[in-house]
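Note that the sequence shown covers residues 238 to 419 in our numbering.
The structure appears below as structure tokens.
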Amino acid sequence: MNEVQPIRLKKDINKMKRALHGRNKLLFVLGINLGLRISDLLTLKVSDFFEENNRFKKYAIITESKTDKKRKMAISDAVKKEIKSAGITKYSDEYLFPSRKGNKPIGRVQAYRVLNEGAQRAGLTEIGTHTLRKTFGYHAYKGGASIQTIQKLLNHSSEKDTIKYIGINQDTVDEVHLTLSL
């Protein structure tokens, strides 16, 4: 199996957004904006984002399945917009990504399939469920977040793991040399 990469270019992120619709687009947009592991992303519920009075919460608080640690995430305007665009406008205890098989979320395999079909339509390769989290980390870094902050956000044990995970490669290093003009 090939290692997946972050989506480095905003134009490619936009291609993916155009290639996906409804629940599938919501999965992609929340994945790249929240940086959660796919197992945690798939188990999100509408109630993680809405108060019972149908207003958006300020924070989504989840317990990460891998680490059993609580994670508090500010709910951005981009996330709110995409949730509304998916037709979700009020509190419920339903999963954001419901399966057709009873009261449970879609599985990892279905999420992978959705993302890969979107990637094919968008003309992108090296895409998988980890792409979402890697894209979050990569763009947080490009936006000025420190490696230490991203390490904390991704719950990594070392900076080295984070650097490798978010796909800082020679092109990224070259860009610093080519754009720095002191």
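Backbone N, C-alpha and C define an ideal beta-carbon position, used for all residues, glycine too.
From residue i to residue j, what does the alpha carbon distance come to, in whole angstroms?
i, j, result
"I299", "D411", "38 Å"
"K317", "S329", "15 Å"
"I325", "K247", "26 Å"
"T368", "N340", "27 Å"
"G365", "D249", "14 Å"
"K303", "D408", "32 Å"
"Y332", "V351", "17 Å"
"S418", "A382", "21 Å"
"D305", "L415", "42 Å"
"I320", "A311", "14 Å"
"M253", "N290", "33 Å"
"V431", "I400", "Missing from the structure shown is residue 431; the chain here goes from 238 to 419 and no further."
"K262", "P335", "14 Å"
Below 8 Å on the Cβ atoms is my contact criterion, and I expect residue i with residue j to pass it. Report the Cβ-Cβ distance as a whole number of Å.
i, j, result
"G268", "L257", "That belief does not hold up - the Cβ atoms of G268 and L257 are roughly 11 Å apart, past 8 Å."
"M396", "I384", "The sequence given here places Glu at residue 396; Met does not occur at that position. About 5 Å; that satisfies the 8 Å criterion."
"Y402", "K371", "6 Å"
"V241", "E363", "5 Å"
According to DSSP, is residue i helix, strand or coil?
i, result
"G308", "Looking at the sequence shown, residue 308 is not Gly but Arg. Three-state DSSP puts R308 in a strand."
"A297", "strand"
"K338", "coil"
"K321", "helix"
"Y328", "coil"
"V351", "helix"
"N251", "helix"
"L263", "helix"
"T343", "The amino acid occupying residue 343 in the given sequence is Ile; Thr does not appear at that position. Of the three classes helix, strand and coil, the one that applies to I343 here is coil, per DSSP."
"G381", "coil"
"H393", "coil"
"L419", "coil"
"I387", "helix"
"K371", "helix"
"V241", "coil"
Taking the alpha helix (DSSP H) that residue i falls in, what are its first and last residues?
i, result
"T362", "Note, T362: premise wrong, no alpha helix (DSSP H); not H, not E."
"H258", "Here H258 belongs to no alpha helix (DSSP H), and DSSP marks it neither H nor E."
"I400", "E396 to Y402"
"V283", "No alpha helix (DSSP H) contains V283, which DSSP labels as neither H nor E."
"V413", "Q407 to T416"
"L273", "Careful: L273 lies outside any alpha helix (DSSP H) and carries neither H nor E."
Going by the C-beta, is residue i closer than 8 Å to any heavy atom of the ligand MN?
i, result
"S394", "The ligand MN is absent from the structure shown, which contains no ligands of any kind."
Between residue i and chain B, is the shortest Cβ-Cβ distance under 9 Å, so that the two count as touching?
i, result
"G380", "Checking the listed chains, one finds no chain B in this structure; it contains a single protein chain."
ask   = Does the pairing of the stretch 288 to 306 with the stretch 255 to 275 give three or more beta-carbon distances under 8 Å?
value = The stretch 288 to 306 is in contact with the stretch 255 to 275.
key: Contact between the stretch 371 to 389 and the stretch 281 to 292 (3+ Cβ pairs under 8 Å)   = no
message = Would the stretch 341 to 351 count as touching the stretch 373 to 384 if we require 3 or more Cβ pairs under 8 Å?
response = no
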